[in-house]
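Number of protein chains: 4
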Amino acid sequence: MQGNRILPEEKVFKDPVHRYIHVRDELIWDLIGTREVQRLRRIRQLGTTFLTFHGAEHTRFNHSLGVYEIMRRIIDVFQGRPNWDENERLLCLAAAVLHDIGHGPFSHSFEKVYDTDHEAWTRRIILEDTEVNAVLRRMGDDFPEKVAEVIEKTYDNKLVVSMISSQIDADRMDYLQRDAFYTGVSYGHFDMERILRVMRPTEEQAVIKYTGMHAVEDYIMSRYQMYWQVYFHPVTRSAEVILSKLLHRVKDLYEKGYEFQTPPRHFIGFINNEITLEEYIKLDESVTMYYFQMWQEEEDAILQDLCRRFLDRRLFEHVEFDQHFVMNQWSELRQLFIDAGFDPDYYLVIDFSSDLPYDFYRPGEEEERMPIHLLTSDDRLRELSRESELVEAISGKKRTDQKVYFPKELLKAAGSDATKQRIQEILMDRGGA
Amino acid sequence: MQGNRILPEEKVFKDPVHRYIHVRDELIWDLIGTREVQRLRRIRQLGTTFLTFHGAEHTRFNHSLGVYEIMRRIIDVFQGRPNWDENERLLCLAAAVLHDIGHGPFSHSFEKVYDTDHEAWTRRIILEDTEVNAVLRRMGDDFPEKVAEVIEKTYDNKLVVSMISSQIDADRMDYLQRDAFYTGVSYGHFDMERILRVMRPTEEQAVIKYTGMHAVEDYIMSRYQMYWQVYFHPVTRSAEVILSKLLHRVKDLYEKGYEFQTPPRHFIGFINNEITLEEYIKLDESVTMYYFQMWQEEEDAILQDLCRRFLDRRLFEHVEFDQHFVMNQWSELRQLFIDAGFDPDYYLVIDFSSDLPYDFYRPGEEEERMPIHLLTSDDRLRELSRESELVEAISGKKRTDQKVYFPKELLKAAGSDATKQRIQEILMDRGGA
Amino acid sequence: MQGNRILPEEKVFKDPVHRYIHVRDELIWDLIGTREVQRLRRIRQLGTTFLTFHGAEHTRFNHSLGVYEIMRRIIDVFQGRPNWDENERLLCLAAAVLHDIGHGPFSHSFEKVYDTDHEAWTRRIILEDTEVNAVLRRMGDDFPEKVAEVIEKTYDNKLVVSMISSQIDADRMDYLQRDAFYTGVSYGHFDMERILRVMRPTEEQAVIKYTGMHAVEDYIMSRYQMYWQVYFHPVTRSAEVILSKLLHRVKDLYEKGYEFQTPPRHFIGFINNEITLEEYIKLDESVTMYYFQMWQEEEDAILQDLCRRFLDRRLFEHVEFDQHFVMNQWSELRQLFIDAGFDPDYYLVIDFSSDLPYDFYRPGEEEERMPIHLLTSDDRLRELSRESELVEAISGKKRTDQKVYFPKELLKAAGSDATKQRIQEILMDRGGA
Amino acid sequence: MQGNRILPEEKVFKDPVHRYIHVRDELIWDLIGTREVQRLRRIRQLGTTFLTFHGAEHTRFNHSLGVYEIMRRIIDVFQGRPNWDENERLLCLAAAVLHDIGHGPFSHSFEKVYDTDHEAWTRRIILEDTEVNAVLRRMGDDFPEKVAEVIEKTYDNKLVVSMISSQIDADRMDYLQRDAFYTGVSYGHFDMERILRVMRPTEEQAVIKYTGMHAVEDYIMSRYQMYWQVYFHPVTRSAEVILSKLLHRVKDLYEKGYEFQTPPRHFIGFINNEITLEEYIKLDESVTMYYFQMWQEEEDAILQDLCRRFLDRRLFEHVEFDQHFVMNQWSELRQLFIDAGFDPDYYLVIDFSSDLPYDFYRPGEEEERMPIHLLTSDDRLRELSRESELVEAISGKKRTDQKVYFPKELLKAAGSDATKQRIQEILMDRGGA
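In the order they appear, the protein sequences are chains E, W, F and B. Per our numbering, residue 3 is the first one in the first sequence, and the count goes up by one each step. Per our numbering, residue 3 is the first one in the second sequence, and the count goes up by one each step. Per our numbering, residue 3 is the first one in the third sequence, and the count goes up by one each step. Per our numbering, residue 3 is the first one in the fourth sequence, and the count goes up by one each step.
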């Protein structure tokens, strides 16, 4: 076991969100230099969101450094306080750098279509034969396992887990600020400096001094606004819909034995569910986009069309619908699409916001992350939503909406007049966006 | 001729630099929607700079919208003033959107190695059979030609040319602010709002009212600082060196008949200098990176190594050198590299900052863009560097430096002890970075 | 009637909040130059808040220019739209500059103690023999009256009134941002640029397009946070308590015939309620502070002490109390203060947050300003709190708290041990802030 | 000797420039609470500048806390490094809080007219019978003297002196940023975080690591721009001219035995040069402004007029002049003013920018503060202007301008037509601002 060394000179990254990111530990410096971490440069933080907000071209590499920096600052505050074990420092920092290491390109769509699980890949990249693993093992043979446990939330020091996976952790604090910065929306700002200063370690989790309640309220409001303004933006969801359908089409064609001009070599492992670690690591967004480029020339009209739509940003339009409607008119609508010459499996898509992977603040739900606790001056803990009327007002509410996505131009271009008119009636006259 | 239509509702892009980008003209909206403009989403604004400043992942699409927005604001100021012809409005806006349309992936390296010229491609994309051309032609058959002329600086209304190509134009004002924003450096800020307010049209060029001189000084200082802090950053230049050598290697291998496992299909046109417009448009950074990914597995050790270096950010180190040294010790050094097992054509590289494509403020140089003029209250023009001691101090100076780039780790790993020691003596004991 | 003239050259004020404030109308320029408006430079915008937030030294002059600028931008958006009458432009702008003209030094305390009314003074300054009146009359003899009506909310064009006095008006939008800027708190920011862009004139009021709902939510959240974090800050309220008691003491002493070393010449009109306009205009914060300086040397121990406390920021401490307590223990506590040698009329003070002059969003309350309405795409109006669950959650709630303020050091310094102990028991052992 | 105590809980001030100001030492907390420091709340940081930039209403209290905070951060960087003696910590912090303690209202004008010296008053407030002195003496009887020496630059640890009085010190770094923030100008920003990180203690002074040269260049540019854009702004100088003349008039009248309606009680000590410490401390800007208010009613026309001009911001206009002109036409011009009924001693004023108290970077001048030194990687020191072509370009240059100030409206209102015309010829036809 080689251990960690303090670098002779501190390394500094210029970061537009946190201004500077400071690295003093050789372990962290070397982790950042591994090919698995560098690969995150080729995976966007917000997937298809760049098609809605052109500024959102930032990558998971960018975010991972940010989470690391916040973690470093939290530890600075915790140092010397009760419940904080300085021996956990490097573990926290390493987990921060690596917490998203298992993500592939456009994770959300890939996971949905190909049934992969980025958490399983995180574990494998940390524990199997990778550069990351080699660096981590310097700290001891059990160190990789501990890092994996922290990220999986099974590590026995719950405080450590909470610093990266709770309702107010280094991960969320970075992504809210970073995503707000790059999209350019005016929400997403909160006073992190103050939150860090009033954060305190307890045995179970990092908590916030009561005097910092308003800063936390502001943070929760930021989450709320980012949730609806950015993460659930209907245009982004449209891009996700097209991407998912595209991946489905590749799978269907492959399984049907379609002869690709550009065979989906990098996708076959995914489709067959027998992908190797090496293959997984190689699939980044550049590679994915390469195939989409090539498949614009495939003979299959649907694959060709979906690739062009994705690359040239010719997205589907959407209208909102209620549950009731879906029950009653769906089969008619599908038939109308068929009549108009469009396969409804690809061109008529329902999307529920509740499918999306961003959690909002929902204290008390079973599977949920631990809620935020405030620490009173006499050392009692109070759950945030019971103290703040603002947070209480918006927590626990699941505002699900459902939208139908479809290529609007079809209404003008295809099918008989009667078909067009009926589609128009059902879809458009209900007052879509 | 279909002409332009005012959109029924203004379209707005959220932009982190200019906050909002406003589009009211259907012509502009449709131009932005063309596949050739959308393709700029897949080409980074600052090439390899993201390997130095991880925030600099922004694309040319991002920048093109920004230049458009500044142009729109300049026109707002010019409206109704002498010398401004409102009929040039759409021409200016279209040229702003399209001014970088000819750029390919990592333009600087590609142009150097494969001898292409993004300006020629700009002309072809505007004038030949593209979606961009189809949209432009709605304004008249000669409109594409006029747009091309503005971008090429041959258009006869010199004022219009100066708004996009002068020492203080929409292009420069956007990229300085945008690159500063995304890299996170604290330079690059200046008071554009004030500059726009004091900008005035003359027959020959856009000029600045004398009272705005300090704001312009600040802008020139920003350029100066961005020039040295960002555009000429030695780490970025190291990444450029590796990329250029990689492209060279592909060319050399191809010309020697090397059998690629992944043949450089998208590169062959470049190498043979017979690339079609369609091929050119298809080559974006995703495609390029796909090949680099694949070539990590090629048998050729140099190609393999350079691809891995580029993807995993294992860059060359650099030391500074004087002219004198290069004359005297270069051949010895090359031989030492050969002795150590490294091909000096790929692993020992001299780079001059003056090779780089960013111009600084050099009034009076022959091939130079028109210098900035100040407009006095009695309507005389004065050249900026004669009025401002600050600008005078830094203009016209060509601070060229030359650096030698090489893989530092070789000193430890390869060659005899004597070889290593001599390389060390020559390269390292001179006080490199 | 002389009317208005467009200035030969636009005048620009540099403003740290709105960057630039633009004046093109001679009427406005001359209004700003009147002694009554210049006098606002000597009256702080936030009264005693500078004793809590040292940055909050900005004046009502500062704010008045800001409201003017926002009004100017709103009018820019309204121009040419239905329901907007361009003839109201100068009236709106003049009302914006003058809306706070009647305020005196530390208005809140002065009004409470001396029963003056800044709204009545606003009317007099606009209508009687002042420089402001002379400038306004250039626009017609009825113009001053119209300006006064707009500020008093009795003007018959309700849209005009709403632009300066509604739940989302130029006044509120300026003070939230300005007070946040100068105090340095991180709340108070919202996307005014977006709100202005989606503001629309109706017959009854300025409304917000439905698509801007999230920006308005953010604005309401800012108000909520500023309300509790800044406007109701207990330390500011402590300074208000001391100032009010000081003013009371002056009144009491004067009425009792106390012989002042520095007679309260500028206060006598207030005390006797027969102050002239000229006297009112002369009383600014400098004059007030001059007396406080001088009265530090008065023989009356209470006046002396309160002046020193105010100048040297030796404020009262506070504890929170419930209604119940006040009923039961108040008379005992007063007696204990008397025993300890402190006049409880001056040194034991209850303060209710609901006494404070800042309104929060309470749609539907009788005396309340008109609530915010959203304008749907099919031109219907919807009240904000019925559409936004966030706003609904916090509106209409009157979170009154009551605090007891007193000089804490008395517990240590005066009275018998038993007195001290009992005071301690009642006041301190209940868990004050 | 009571010494210092660490506060049980850190105190935090919200500051709009540095976000938070942290106080952990009881000594510092108590110093800030003294009446002499609190008095700085009543003295503006930039004197009459608020008449040019309405945002610049910030006080010396505000600035003093800012200097303290920067000093605290510098010490954080120095801790544990060679040449830094941790025993100097509290001395540095106390000197930072107190460095401006001797300033009175509108210092520059008062000092010029009444020949006082704020540095002498600083010494007296620190060493004589004041609350400040009482707090300082807790650290030892010689501690006040040491604090005074640091501020006077005679303390024997030159490093300590340089931290508050050098070309790049806590004082300058605060005021540049703070003045930029409050005026709203876009200059004045530099990367202080970076400068602090590369600051290093040497025996003689705080120096900057060579790698930080560009950040220091940016700081020097900020100084340069603030110097010309803010500190030497001709409108501010006009207000200073009026204020100085007003103070002169008071002195003249007093010495001539004029019977004031409101006798200049607080000024007599200044005029007679026998002011006591207690009197000095009492004179703040409120008191000064009170007199100006009262003197608007004095019979003396000049005093009355100057007071009204100052309060109502009716400033003098200015034109620029060359030396030559002053020699030749001055006496004619004076006579013309007399003919027009204006006392030229009060209404025709020459002002030189070089009279102003702000120093710019002038390495090598005798009386000058120590220049900035850069520390190379091999531990040599290099003077900044020899390394940076930017700094070299602007240092050492004394761009003196001279302006003549006078009430422009006199040209229209007074004297014979011939007089007016000749004044016009001399003053206005030369192309003033």
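Ideal Cβ placement from N, Cα and C applies to all residues, glycine included. Computed from a prediction, not measured in an experiment: that's the story for all the values here.
- Only exposed fits His-326(W), as fewer than 16 other CB atoms lie within 10 angstroms of its CB.
- Counting only unbroken stretches of 4 or more residues, the alpha helix (DSSP H) elements lying wholly within the stretch 118 to 194 of chain B are 120 to 129, 133 to 139, 145 to 154, 160 to 166 and 172 to 185, in sequence order.
- For Met-291(F), the nearest beta carbon of chain E is not closer than 7 angstroms to its own beta carbon.
- Cβ proximity to chain W below 8 angstroms picks out Trp-230 and Gln-231 from the stretch 230 to 257 of chain B.
- Of all residues in the stretch 24 to 53 of chain F, only Gly-35, Thr-36, Arg-37, Gln-40, Arg-41, Arg-43, Arg-44, Arg-46, Phe-52 and Leu-53 place a beta-carbon less than 9 angstroms from a beta-carbon of chain B.
- Within the stretch 189 to 200 of chain F, those residues whose Cβ lies closer than 7 angstroms to any Cβ of chain W are, in chain order, Glu-195.
- Contact check for Phe-318(W) against Tyr-233(W) fails: the beta carbons are separated by 7 angstroms or more.
- Closest in C-alpha terms to Pro-346(F), from the list Leu-161(F), Arg-251(F) and Asp-381(F), comes Arg-251(F).
- Proximity of Glu-319(F) to chain B, defined by a Cβ-Cβ separation below 7 angstroms, is not satisfied.
- CA-CA distance, Ile-210(F) to Glu-322(E), rounds to 22 angstroms.
- When rounded, the separation of the alpha-carbon atoms in Arg-83(W) and Asn-89(W) is 13 angstroms.
- Taken through DSSP and simplified to helix, strand or coil, Leu-350(F) comes out as coil.
- Take Ile-340(E), set aside five residues on each side of it, and the residues of its chain with a beta-carbon closer than 7 angstroms to its own are Pro-346, in chain order.
- No Cβ of chain F is located within less than 7 angstroms of the beta carbon of Pro-10(B).
- By alpha-carbon distance to Thr-54(W), the top candidate from Ile-77(W), Asp-181(W) and Pro-203(W) is Asp-181(W).
- The closest CA to that of Glu-38(B), considering only Leu-285(B), Ser-168(B), Gln-169(B) and Asp-403(B), is found on Leu-285(B).
- If you look at Ala-96(B), you'll find it isn't in any beta strand (DSSP E); it sits in the alpha helix (DSSP H) that goes 91 to 100.
- Taking a 10 Å sphere around the C-beta of Gly-142(W), we find fewer than 16 other C-beta atoms and assign the residue as exposed.
- Taking Glu-59(F) as the centre and dropping the five residues before and after it, the same chain places the C-beta of Phe-52 closer than 6 angstroms to its C-beta, in chain order.
- At a Cβ-Cβ threshold of 7 angstroms, Glu-12(B) and Arg-21(B) do not count as neighbours.
- Closest in C-alpha terms to Val-351(W), from the list Leu-305(W), Glu-242(W) and Glu-300(W), comes Glu-242(W).
- In this structure, the CA atom of Ala-342(F) is about 24 angstroms from the CA atom of Gln-404(F).
- Within chain W, the C-beta atoms nearer than 9 angstroms to that of Tyr-22(F) come from Glu-195, Arg-196 and Arg-199, in chain order.
- The distance from the Cβ of Leu-248(B) to that of Leu-313(B) is about 10 angstroms, inconsistent with a contact at the 8 angstroms cut-off.
- A distance below 7 angstroms between beta-carbons, with the five flanking residues on each side excluded, links Lys-114(F) to the following residues of its chain, in chain order: Ser-246.
- At a cut-off of 7 angstroms, the C-beta of His-120(E) has no neighbouring C-beta in chain F.
- Approximately 42 angstroms separates the beta-carbon atoms of Pro-18(B) and Gly-417(F); this is outside 8 angstroms, ruling out the contact.
- Counting along the chain, the unbroken beta strand (DSSP E) around Pro-203(B) starts and ends at 201 to 203.
- Met-201(B) and Met-372(B) have their C-alpha atoms roughly 15 angstroms apart.
- Between Leu-338(W) and Arg-424(W) the beta-carbon gap is near 6 angstroms, inside 8 angstroms, which marks them as a contact.
- By the 16-neighbour rule on beta-carbons within 10 angstroms, Ile-222(F) is buried.
- Within chain W, no residue has its CB atom less than 9 angstroms from the CB of His-65(B), the nearest being about 22 angstroms off.
- For Met-223(W), the nearest CB of chain B lies under 7 angstroms from its own CB, placing it at the interface with that chain.
- In the three-state scheme derived from DSSP, where H, G and I count as helix and E and B as strand, Tyr-70(W) is classed as helix.
- Using a C-beta cut-off of 8 angstroms, the stretch 182 to 196 of chain F makes contact with the stretch 191 to 207 of chain E, since at least three inter-stretch Cβ pairs fall below that distance.
- Residue state for Arg-315(E) is assigned as coil, using DSSP reduced to three classes.
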